[in-house]
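**Student:**
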Amino acid sequence: MVIGPSAGRAQGEEQGEQLGQQLVVDTDVHEYFKGFRSLAPYLPPVHRQPVEEWGFSRIDTGFPYTSGSVTRTWQTRTGWRPQDDGELGSDLDVMRRNLFDELGIDIAILNNLQLPVAFMRGSHELGMAMATAYNTQLVERWLEPEPRLRGSLIVSLDNPRHAVGEIERLGNHPQVVQVCLPTSVDIQFGEPRLRPIWEAMVHHRLTLGIHHGYGTRTIFGYPRQHIEWKALAPSHAMMAQLASLTFNGVFDAFPDLKVVAMEAGFSWLPYFMSRLDQQYVSFRDQVPWVKRRPSDHLRAHVALTTQPMEPMTARQLTTLVEDCGAAEMLVFSSDYPHYDSDVMDEALPHGIAGDLRARIMGRNALRAYPKLEAPPA
Amino acid sequence: MRVDVFGVDEIAPGQVRRVRVGPVDVVLVRKHDGSFRALRDRCSHQGGALSGGRLEPMVEGDHLGEYRFSERRMVLRCPLHQFEFDVDTGRSPADPERYRVRAYPVTVENGRVLIER
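Line by line, the protein sequences are chains D and S. Following our numbering, the numbering of the first sequence begins with 1 at its first residue and continues without gaps. Following our numbering, the numbering of the second sequence begins with 378 at its first residue and continues without gaps.
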């Protein structure tokens with residue numbers, strides 16, 4: 001089901017064209033491991049003690065709120081809850097039934113949110129060991145038992161060499177399609193020290209997924225109210241990282257790098273593109289290594305997931321896409337199993353053209369993920 | 378139609394002059410290599426007079442952190458919003474399709490600068 005490293009991207013795109021509207025790729029599904037103790041068998045003995053004996057059970061992002069989405073995340077649809085009443089998304093059989101049997105999704109891409117090792121302010125070695133443990137169990141517990149799943153590696157940014165090692169270790173696995181990083185960390189993705197990571201990803205045809213999480217910040221850090229954070233932080237932080245990648249020449253240096261901006265919305269795209277282009281016309285001399293208009297770089301390199309989508313009519317969505325040339329930039333995501341998931345028919349406004357719907361629901365993902373191949377019809 | 382605008386010795390390399398060519402305002406520049414270029418003196422963005430801007434070597438670079446002044450290409454920078462125009466082509470290096478001004482052929486004959494329109 002997966003094309004090998006030697007096959008070209010054009011092949012995948014062509015197959016997607018043939019399959020047309022049948023293909024559905026969910027680009028943002030969250031699987032959960034059953035608590036940090038469940039990672040212990042994958043940790044070297046020296047790093048098991050914090051998990052098994054010292055109660056290490058979460059990585060602190062600084063998230064200050066106690067209400068809103070924090071609790072509602074766990075109040076999801078009843079049919080999505082695991083049989084053992086454990087973490088949502090932690091039961092492969094329930095996930096299979098929900099995504100593939102009930103919703104008719106063809107391919108689902110997993111992104112884990114429990115282990116933002118990039119936020120560890122100490123114990124970096126433990127963070128790296130946990131990233132390695134997570135990646136190994138991702139392959140063993142999720143990808144190999146279920147061929148319709150694809151996975152995203154977790155890496156620590158504290159030590160790019162370790163990150164590259166993880167990519168070298170598992171990047172060739174046919175179901176590993178992405179490296180997923182949190183949107184807000186204390187490092188801008190345009191920083192040169194990260195380039196070995198991007199280089200290794202391109203070599204293995206892995207996409208860079210940037211995902212919103214509890215650590216996402218606004219310009220205020222965490223605003224006083226949770227609703228302010230929820231409304232603004234995802235897009236603010238995502239724009240900052242995409243601008244950092246663009247103006248620090250990452251897209252010029254890695255013409256094959258693909259980025260998927262997840263859970264940050266997309267209706268800001270026309271503003272963002274024109275704003276970057278405007279500044280580039282005035283200040284190109286500050287970044288002479290950038291050889292294309294920022295909006296052209298974004299169209300070539302970046303896709304954005306649909307969920308959470310603001311209420312939008314078919315006309316509004318179509319106009320937005322046409323105005324900024326984004327017909328190939330949007331990819332369907334459900335955010336399963338969270339409370340605010342957008343699933344299938346609910347995800348897009350009724351009445352959009354069939355071709356645009358087919359692109360968003362599946363075909364654009366073949367472009368955003370070079371390792372994806374449409375399953376046989 | 379060719380219009381005689383200046384004597385060659387009246388403009389030093391690196392200088393910018395506004396001239397009238399028929400009904401059109403044109404900015405005449407002399408590059409550091411001594412050659413002449415002529416562009417319409419009206420920025421295609423908001424109409425600023427390019428003759429009020431700066432003539433600079435184009436900043437080039439191929440790798441993050443690399444800056445060098447081009448030995449060949451020069452830009453005229455609009456004083457209103459700092460848009461650059463390559464004096465060889467009249468096009469913005471950043472967005473050559475969207476922002477460009479007309480470039481006029483310039484010839485030198487018998488010590489005189491002639492602009493063709």
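All C-beta atoms in this analysis are idealised placements derived from N, C-alpha and C, irrespective of residue type, glycine included.
Taking DSSP as the reference, what is the three-state secondary structure of Leu153 of chain D?
**Tutor:** Strand, per DSSP.
**Student:** Whose Cβ in chain D lies nearer than 7 Å to the Cβ of Asp439 of chain S?
**Tutor:** Going along chain D in sequence order, the residues near Asp439 of chain S (Cβ under 7 Å) are Trp289.
**Student:** Along the beta strand (DSSP E) that carries Ser447 of chain S, what are the first and last residues, could you check?
**Tutor:** Note, Ser447 of chain S: beta strand (DSSP E), 445 to 454.
**Student:** For Arg315 of chain D, is the classification buried or exposed, using 16 other Cβ atoms within 10 angstroms of its Cβ as the cut-off for buried?
**Tutor:** Classification for Arg315 of chain D: exposed.
**Student:** Within the same chain, show all residues whose beta-carbon is closer than 7 Å to that of Pro160 of chain D, passing over the 5 residues directly before and after it, in chain order.
**Tutor:** Hits under 7 Å: Arg193, Leu194, Pro196, Ile197.
**Student:** For Glu87 of chain D, count neighbouring Cβ atoms within 10 angstroms of its own Cβ and tell me buried if that reaches 16, exposed if not.
**Tutor:** With 16 or more Cβ atoms within 10 Å of its Cβ, Glu87 of chain D is classed as buried.
**Student:** What does a CB cutoff of less than 8 Å around Ile492 of chain S pick up in its chain, not counting 5 residues either side in sequence?
**Tutor:** So the list reads Arg379, Val380, Val382, Val396, Val398, Val403, Leu405, Ala415, Tyr481, Pro482, Val483, once near-sequence residues are dropped.
**Student:** Give me, in chain order, the residues of the same chain whose beta-carbon lies closer than 7 Å to that of Arg9 of chain D; leave out the 5 immediate sequence neighbours on both sides.
**Tutor:** Unreliable placement is indicated for Arg9 of chain D, whose pLDDT of 34 sits below 50; no coordinate value is reported for it.
**Student:** Compile a chain-ordered list of the residues in the segment 223 to 252 of chain D whose CB is closer than 9 Å to at least one CB of chain S.
**Tutor:** Listed in sequence order: Asn248, Gly249, Val250, Asp252.
**Student:** Residues of chain S with CB under 8 Å from Tyr271 of chain D, in chain order?
**Tutor:** The contacting residues do not exist; Tyr271 of chain D stays about 18 Å from chain S at best.
**Student:** At 9 Å on the CB atoms, spell out the chain S contacts of Ser192 of chain D, in chain order.
**Tutor:** Sequence inspection shows Pro at residue 192 of chain D; the Ser mentioned does not correspond to that position. Chain S residues near Pro192 of chain D: Leu441, Gly442.
**Student:** Quick one: does Gln21 of chain D have its CB under 8 Å from some CB of chain S?
**Tutor:** Residue placement at Gln21 of chain D is flagged as unreliable, the pLDDT there being 47, under the threshold of 50; the coordinate-derived value follows with that caveat. Judged by the 8 Å Cβ criterion, Gln21 of chain D is not in contact with chain S.
**Student:** With burial defined as no fewer than 16 other Cβ atoms inside 10 Å of the residue's Cβ, what is the status of Pro44 of chain D: buried or exposed?
**Tutor:** Exposed is the call here.
**Student:** Does the beta carbon of Pro259 of chain D sit closer than 8 Å to a beta carbon anywhere in chain S?
**Tutor:** Reading off the sequence, residue 259 of chain D comes out as Val, not Pro. So no, Val259 of chain D is outside the interface.
**Student:** Taking contact to mean 3 or more Cβ pairs, one atom from each stretch, closer than 8 Å, check whether the segment 215 to 227 of chain D and the segment 155 to 170 of chain D are in contact.
**Tutor:** No: fewer than three Cβ pairs fall under 8 Å.
**Student:** Helix, strand or coil: how does DSSP classify Gln21 of chain D here?
**Tutor:** Per-residue confidence for Gln21 of chain D stands at a pLDDT of 47, beneath the threshold of 50, marking its modelled position as unreliable; no derived number is given.
**Student:** What are the residues of the segment 448 to 482 of chain S that lie near chain D, defined by any Cβ-Cβ distance shorter than 7 Å?
**Tutor:** Listed by position along the chain: His458, Gln459, Phe460, Glu461, Ser469, Pro470, Ala471, Asp472, Tyr476.
**Student:** Among S:Asp386, S:Gly411, S:Leu441, S:Gly430, whose alpha-carbon lies nearest the alpha-carbon of Phe460 of chain S?
**Tutor:** Residue S:Gly430 is the option with its Cα nearest to Phe460 of chain S.
**Student:** How would you write the range of the beta strand (DSSP E) that Gln178 of chain D sits in, first residue to last?
**Tutor:** Gln178 of chain D -> beta strand (DSSP E) spans 176 to 182.
**Student:** Taking DSSP as the reference, what is the three-state secondary structure of Pro434 of chain S?
**Tutor:** Correct three-state label for Pro434 of chain S: strand.
**Student:** Which residue's Cα is closest to the Cα of Gly190 of chain D: D:Leu208, D:Met312, D:Asp101?
**Tutor:** The residue with the shortest Cα to Cα distance from Gly190 of chain D is D:Leu208.
**Student:** If you drop the 5 nearest sequence neighbours on each side, which residues of the same chain put their C-beta closer than 6 Å to that of Ala7 of chain D?
**Tutor:** Note that Ala7 of chain D has pLDDT 34, beneath the 50 cutoff, so the model's placement of it is unreliable and the number below is only indicative. Once the five neighbours on either side are set aside, Ala7 of chain D has no close Cβ partner at all.
**Student:** Pick out whichever of D:Ile227, D:Arg224, D:Glu168 has its Cα sitting closest to the Cα of His201 of chain D.
**Tutor:** Correcting the residue identity first, residue 201 of chain D is Met in this sequence and not His. It is D:Glu168.
**Student:** What residue does the alpha helix (DSSP H) around Met238 of chain D start on, and which one ends it?
**Tutor:** Segment 226 to 247, the alpha helix (DSSP H) holding Met238 of chain D.
**Student:** Between which two residues does the beta strand (DSSP E) carrying Ile387 of chain D extend?
**Tutor:** In the structure as shown, chain D starts at 1 and stops at 377, and residue 387 of chain D therefore has no counterpart that could be examined.
**Student:** Taking the alpha-carbon of His422 of chain S as reference, which of S:Arg489, S:Glu387, S:Arg468, S:Val490 has the nearest alpha-carbon?
**Tutor:** The candidate whose alpha carbon is nearest that of His422 of chain S is S:Arg468.
**Student:** Report yes if the CB atom of His301 of chain D is closer than 8 Å to the CB atom of Val331 of chain D, and no otherwise.
**Tutor:** Their beta carbons are not under 8 Å apart, which means His301 of chain D does not touch Val331 of chain D by this criterion.
**Student:** So what's Val464 of chain S in DSSP terms, helix, strand or just coil?
**Tutor:** Reduced to three states, the DSSP call for Val464 of chain S is coil.
**Student:** Can you tell me which of S:Arg407, S:Glu387, S:Ser447 puts its alpha carbon nearest to the alpha carbon of Pro470 of chain S?
**Tutor:** Ranking S:Arg407, S:Glu387, S:Ser447 by Cα distance to Pro470 of chain S puts S:Ser447 first.
**Student:** Please classify Ala314 of chain D: does DSSP put it in a helix, a strand, or coil?
**Tutor:** Helix at Ala314 of chain D.
**Student:** By DSSP, does Met262 of chain D sit in helix, in strand, or in coil?
**Tutor:** Three-state DSSP puts Met262 of chain D in a strand.
**Student:** What would DSSP say about Phe332 of chain D, mapped onto helix, strand or coil?
**Tutor:** It is coil, neither helix nor strand.
**Student:** Mapping the DSSP letters down to three states, classify Ile107 of chain D as helix, strand or coil.
**Tutor:** Three-state result, Ile107 of chain D: strand.
**Student:** Give me, in chain order, the residues of the same chain whose beta-carbon lies closer than 8 Å to that of Ser295 of chain D; leave out the 5 immediate sequence neighbours on both sides.
**Tutor:** Counting only Cβ-Cβ distances below 8 Å, and skipping sequence neighbours, we find Met273, Ser274, Leu276, Asp277, Cys324, Gly325.
**Student:** What does a CB cutoff of less than 7 Å around Arg445 of chain S pick up in its chain, not counting 5 residues either side in sequence?
**Tutor:** Answer for Arg445 of chain S: Glu437, Gly438, listed in chain order.
**Student:** Within the chosen definition, does the segment 112 to 124 of chain D reach the segment 57 to 64 of chain D through at least 3 CB pairs nearer than 8 Å?
**Tutor:** These segments touch.
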